[in-house]
Amino acid sequence: MIILYYKARGRIKEHCLTLGDVVVASVLDPEMKIKNECLLNSGDGWRSSVVHKCHKHCTDVQPSTTGDDIGHCQKCLKFNEINKAADLPHPSVAIKDKRSLLSNLGSTAIIQMLILTFTSLAMLSASIMLIIEMAATTRFFSQQCSMPDTTSSAQLAALPGDSLSSEFTAFAISNGAQFLYSLLYLLLIYNLSLISMEHEWGAWETKRKRPRCTIVSGKPFEQTYFLQLPPKILLPLMSYAALMHWLLGQAISTVETIYTDPQHHVEHSMYTIAYASYPIFISTVLIIGMTAVCWWAFTYRREGFIPQMYGAIRTLCASTTELTDFNPDGILWGDLGMGEKFRHAGFSGDKPGKIVPGELYCGKD
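Counting with this note's numbering, you get residues 139 to 503 for the letters of the sequence shown.
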């Protein structure tokens, strides 16, 4: 990924990779701006306009061009043209409360977390069983491990010898745990990436900073790091992932034994499944910690009047922003003053005011 980003330096970028890219793109291209959209925490609401044609599902005898009246069907896409970014006023109350991460991700995140929790409980159960077995045979293990020709791994089962299926089974067992962990690790890094981006996004309300961009360069912008996560978060995560992959490789493995038949001069191969207790214990502790971090990530919430990052493309392209140029010291989000009916909020290169709690904010025409 780093090599890919490095090769892309100096080329024309056609995709927005960061929040700063969207801010810059909405300023450079006025067609990206959504009129009457308010850059404020507006909850779940959106401004929608429907061009409706009455059809057999409509029970009201009075015709309607919008379908907003009771008795008119707006579910059939064939007879309804829905515009969720219509130029309609959509005022919202300035509130600082935000929803948790879990409420924004939906049921898919819950299923993923249940899978991660089940995996943690399975590893915890296996560790408890190993502890009970080791406690019952402590003297036996201490005597065997004191011999110089013994190994700390214990034999679990043997695979059939001289079999191609045993080769594939041994490969799957040796690498299966690392593969499954890699899938679970994606959930961890995804959640932490969301929190990092949400923190970066919300910081514009409290301090002036330059947007982090990949499509433009210059003093008003930052190119601080290649990937989405900063090094102080990414490097510990990569170290943790490397440690877990090594521990899982030590926890369960396959040992190949090759012996020769002296009578027929034929080599035979046999695989044995082995496990090591202490790597299992340590990896169990780490996977439980990973599960706890993911659950904490789902309960993460941030105070502030600036909207949540989720759905930020809509708010970033709002016409409330007064950005015509970028200040070398950065931009700031806040109150842009009173309009004809409502107050306005958005980004500014100057010093905007503070949001007035409880006031109605709406976008500009």
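From the three backbone atoms N, C-alpha and C, an ideal C-beta is built for every residue, glycine too.
Computed from a predicted structure; not experimentally measured.
- request: Out of L157, E152 and Y144, state which residue places its alpha-carbon closest to the alpha-carbon of R350.
  value: In the sequence shown, counting from the first residue as 1, residue 350 sits at position 212. Nearest of L157, E152 and Y144 to R350, Cα basis: L157.
- prompt: Nearest-angstrom Cα distance between Y323 and L268?
  reply: Position 185 of the sequence shown, counting from 1, holds the residue named residue 323. Position 130 of the sequence shown, counting from 1, holds the residue named residue 268. Rounded to the nearest angstrom, the two C-alpha atoms are 25 Å apart.
- request: Reducing DSSP to helix, strand and coil, say where K145 ends up.
  value: Stepping through the sequence shown from its first residue, residue 145 is reached at position 7. Helix, per DSSP.
message: Which complete beta strand (DSSP E) runs does the segment 186-268 hold, if anything under 3 residues is left out?
response: 187-190 and 218-221
query: Would the beta-carbon of L498 be found less than 8 Å away from any heavy atom of the ligand GDP?
result: Among the components modelled here there is no ligand, and therefore nothing to report on the ligand GDP.
message: With H, G and I counted as helix, E and B as strand and the rest as coil, what does DSSP make of K357?
response: Here residue 357 corresponds to residue number 219 of the sequence shown, with the count starting at 1. Coil at K357, not helix or strand.
- prompt: Near G299, what residues of its chain come up, given a Cβ to Cβ distance below 6 Å and the 5 sequence neighbours on each side ignored?
  reply: By 1-based counting over the sequence shown, the position of residue 299 is 161. The residues are H406 and M408.
message: Between the alpha carbons of F306 and Y319, how many angstroms are there, rounded?
response: Here residue 306 is taken as the residue at index 168 of the sequence shown, counted from 1. Here residue 319 is taken as the residue at index 181 of the sequence shown, counted from 1. Answer to the nearest angstrom: the Cα atoms are 20 Å apart.
- prompt: By a C-beta neighbour count over all protein chains shown, 10 Å radius and 16 as the cutoff for buried, is T392 buried or exposed?
  reply: Taking the first residue of the sequence shown as 1, we reach residue 392 at position 254. Classification for T392: buried.
field: the segment 228-240 touching the segment 436-445, judged by at least three CB pairs closer than 8 Å
entry: yes
- request: Reducing DSSP to helix, strand and coil, say where Y319 ends up.
  value: Start at 1 with the first residue of the sequence shown, and residue 319 comes out as number 181. Here Y319 sits in helix by DSSP.
query: What's the call for M382, buried or exposed, on a 16-neighbour Cβ count within 10 Å?
result: Along the sequence shown, one-based indexing puts residue 382 at 244. Classification of M382: buried, given that the 10 Å Cβ count is 16 or more.
- prompt: Starting from V494 and walking both ways along the alpha helix (DSSP H), at which residues does that stretch end?
  reply: Residue 494 sits at position 356 when you count from the first residue of the sequence shown. Unbroken run through V494: none, as it is neither H nor E.
message: Buried or exposed, going by whether 16 or more other CB atoms sit within 10 Å of the CB of G181?
response: Position 43 of the sequence shown, counting from 1, holds the residue named residue 181. Because the pLDDT at G181 is just 49, under 50, the model does not fix this residue reliably, and the point stays unresolved.
Which of helix, strand or coil DSSP assigns to F306: To locate residue 306, count along the sequence shown from 1; it is residue 168. DSSP places F306 in helix when its eight states are reduced to three.
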